[in-house]
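Using my numbering, the letters of the sequence shown correspond one by one to residues 2 to 699.
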Amino acid sequence: MSALIGAAWAVDSNIKWTDNNTKAELSGDYQWKDKTDGTYSPVLIDLKGHKLTINNGTRIYGNGLTVTSTSGDSEIFSSDFYAYLYGASRLENVKLVSPIDAQFFLYAIGAKKDAAKDTSTDIVIKNVQMAAPTNGKWRIRQFKVAGGGVNISNDLSSATVTIENATVGHSIYGGTDILTDGTSSASVGKTLINLNNGAVVVRAVYGGGESRARAGTATSTVGASHIIVNEGASIPGTFDIEDKPTEKGCVYGGGNAEEDNANGRAGCHVKEALIEIKGGEVAHVYGGGRAEANAGYSAVSSVDKTEIMLIGDAGLKAVSVDVKAGGASVGDGSAYVGSAIIKLSGLTSAAAPKEGLVIDGSGTENGTTLVFENVKADLSLAAITSMDAVQIDSDSKATVKNIGGAKKIVVTGDFNKMAAADILTLNEAVSPDDVTVDISGAVNVAKYEWDGEKLMVMGTSSGTAEPTTPKLPADIPAGVEPAEAEIAVVAADADEAVKAAALEEVSAGLKDIASSDLAIGASGAVTAKAETVKNAAASLVAAGETISTVSPLPVFGAEVTAGNTAAVAYKIKGADLLAASAADVKVVKYLGGGKAELFKYAAAAADFADTCFTVMLHDTDTIAGSIEDDTEYDLVLFVKDGGSFDLDEEDGWVADPAALIKTEKKSSGGSSSGCNGGYGALMILAAALLPLAYRRKK
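Structure representation (structure tokens):
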């Protein structure tokens, strides 16, 4: 895919061939001679600051060829139709020129014309500039680069193209280009196109190849295509190309299939495509390919699976017009995409899309998923459309105008030790019943809340209390039943008005508890205020002792059979109980109005009763004795529906603000059986609990 240029008046003495006619060096301007020079297989042509002129249809059959100028400014000159530079490895340090407003056509091709099966290619275009047409019509400045081959018959293993500080006057193709009057096909296993700083592409970049057939069938296939647009690269879509607007400033994961003959069939196929936009500027990004056909003709460009990634703040800012999951169909052409992922990754709170940017999930057969990966940005300026699902991870806190009609939100990542947070906020709320939330792919999720406007998630934490349903021994008293606690959670960084409203809501469901008695812990859970608990419990400790630590447990509510005693549990590490034995643990019940009482310790199942607590090995029915720091336990609280510790006045629902306290000086526990009010070292847990809003039985 290439043509080289120079001065037509040069003489033969201006070129010197060495190393069995594999290396050429110019000593003056030179006109390439197809009948002599064209018979060689060069690995190096050094222009040495001179011009090389290429003829119409010239073919240079390189073999890992480097065309460069190691000294002085050089030009490749052409005023005719395509010249081809096969087997190219590097084209660098030259300027591509032609007479004023005359045509310039050059095809730089990675593969040799007779490339063997499973060959790999690697072509670099660096420090190559094109003289701009004075009339601004870039249609006459056609410089193409093909990582694979052009009209070759063998399949290649891989093809890599790197463009740096160079202008490509037409397009770049990762795969093989099939331009034939008969039936032909070729494939490349994988392609990679790197667009680095200073890379400028006038038209389009294709991860696949190109196919055109005047008769028969032309098929170009790529197994896996990969395009990377780095900072400083430009596919701006601002050049005047006069035709084909869907080639103007476009990056395609697939290939380009064009057909203007009724006797031909053009096809491009890519199995998997990946596009990474890390910076620079791009007008349009398509997950699929491009297909153009006149009425009644056949051109198909297909991609089975595609993924588009906008990486970092610069990657988001790079795209000026749209990101589309599908491809571009022109005329009777058909661009097919099976499934697509559009991923936004690594966006800080300072990131912002170009105003009016469209992120479009349409054009796929099996759906498009919009993925937020470590996204902390406000993306409200972008229009999100035609999504089937949205996926968001534990490192994200994204704000969007809407979710483009998606019917499913998938939560992923590890939420361990994470405070409650709104990981996704919609400016245009939807009915929560219309969008399901799937947390099966996430780990360490305590709970979540989705109201159609915000998705709040709270993580678990190995060092804090986490609601769990206890496993009780078989010989518990009648009327005692395990219950699952529901806790009130607010995003830890929510504004003060939201927090105040949450405290008022919880307070309204607790008899004698004012909102001023409550607080929102670091985890986002609503708890009794530590200072309030300390003051209320001061009279409960032994003489000569003071309360040194108060660690409130999340306020809970739990459904229970009317009149029964609910056994509600928190999972907690032994070290956080701050006691050598279960009997030494202190749990305080805050009753409101400055009053508090201690839960009494129950050492045996027969003693499980209202206002008692016990400590069990986590997820077992075994009552713990001694406490080990690294062992997980269930701290179980027993609250009878309608009893003195039940601050909810409705039948069948219990509610309780409790806390762990630690006294400055330990004292021995009480008896080993029955309910015991013995003192112990207690620490109240600021739970990393699941994000589920506190709810009362209705």
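Ideal Cβ positions, reconstructed from N, Cα and C, are used throughout, including at glycine. These numbers come from a predicted model, not from an experiment.
- Between E260 and A214, the C-beta spacing is below 8 Å.
- In the structure shown, the three-state DSSP call for E665 is coil.
- Of all C-beta pairs linking the segment 506-522 to the segment 564-571, fewer than three are shorter than 8 Å, placing the two stretches out of contact.
- The alpha-carbon separation between V561 and A315 amounts to approximately 54 Å.
- With a cut-off of 8 Å on Cβ pairs, the segment 601-620 is not in contact with the segment 540-547, counting fewer than three such pairs.
- In the assembly as shown, E532 is an exposed residue. Its beta-carbon has fewer than 16 other beta-carbons within 10 Å.
- Under the three-state reduction of DSSP output, R215 falls in the coil class, being neither helix nor strand.
- Scanning its chain for C-beta atoms nearer than 8 Å, with the 5 sequence neighbours on each side dropped, one finds around S363 the residues K325, A326, G327, T369, T386, S387, in chain order.
- In the DSSP assignment, the residues bridged to Y62 are Y87.
- Of the residues S72, G73, L45, the one whose Cα lies closest to the Cα of Y62 is L45.
- Around the beta-carbon of G175, 16 or more other beta-carbon atoms lie within 10 Å, marking it buried.
- By the Cβ-count criterion, N428 is exposed, with fewer than 16 other Cβ atoms from all chains shown falling within 10 Å of its own Cβ.
- Using a C-beta cut-off of 8 Å, the segment 242-258 makes contact with the segment 270-290, since at least three inter-stretch Cβ pairs fall below that distance.
- The three-state reading of DSSP puts P474 in coil, since its state is none of H, G, I, E or B.
- In the three-state reduction of the DSSP assignment, K113 falls in the coil class.
- Here L382 is exposed, its C-beta having fewer than 16 other C-beta atoms within 10 Å.
- In the three-state DSSP reduction, E497 falls in the helix class (H, G or I).
- The beta carbons of T181 and A219 sit closer together than 8 Å.
- Going by beta carbons, L348 and A378 fall inside the 8 Å limit.
- Counting along the chain, D361 sits inside no alpha helix (DSSP H); it lies in the beta strand (DSSP E) bounded by residues 359-361.
- Here the segment 267-277 makes contact with the segment 216-230; the two share three or more CB pairs at distances below 8 Å.
- Taking each of G137, L345, V151 in turn and checking the Cα distance to I309, the smallest one comes out for L345.
- Taking the C-beta atoms as reference points, I153 is found no nearer than 8 Å to A109.
- Going by beta carbons, L519 and A526 fall outside the 8 Å limit.
- Contact between the segment 130-144 and the segment 94-109 is present: three or more C-beta pairs spanning the two stretches fall below 8 Å.
- A direct Cα-Cα distance of roughly 30 Å separates I242 from D305.
- Listed in chain order, the alpha helix (DSSP H) elements of length 4 or more contained wholly in the segment 524-610 are 531-538, 575-578.
- When K113, Q143, G170 are compared, the shortest CA-CA separation from L157 is found for K113.
- Taking a C-beta distance under 8 Å as the contact criterion, S172 and E248 qualify as a contact pair.
- Positions of the beta strand (DSSP E) runs, each at least 3 residues long and wholly inside the segment 433-464, are given as 437-439, 446-451, 455-460 in order along the chain.
- V169 is a Cβ neighbour of F144, given a cutoff of 8 Å.
- Contact check for A447 and M459: beta-carbon distance about 5 Å, within the 8 Å limit, so the pair qualifies.
- For A294, the three-state secondary structure derived from DSSP is strand.
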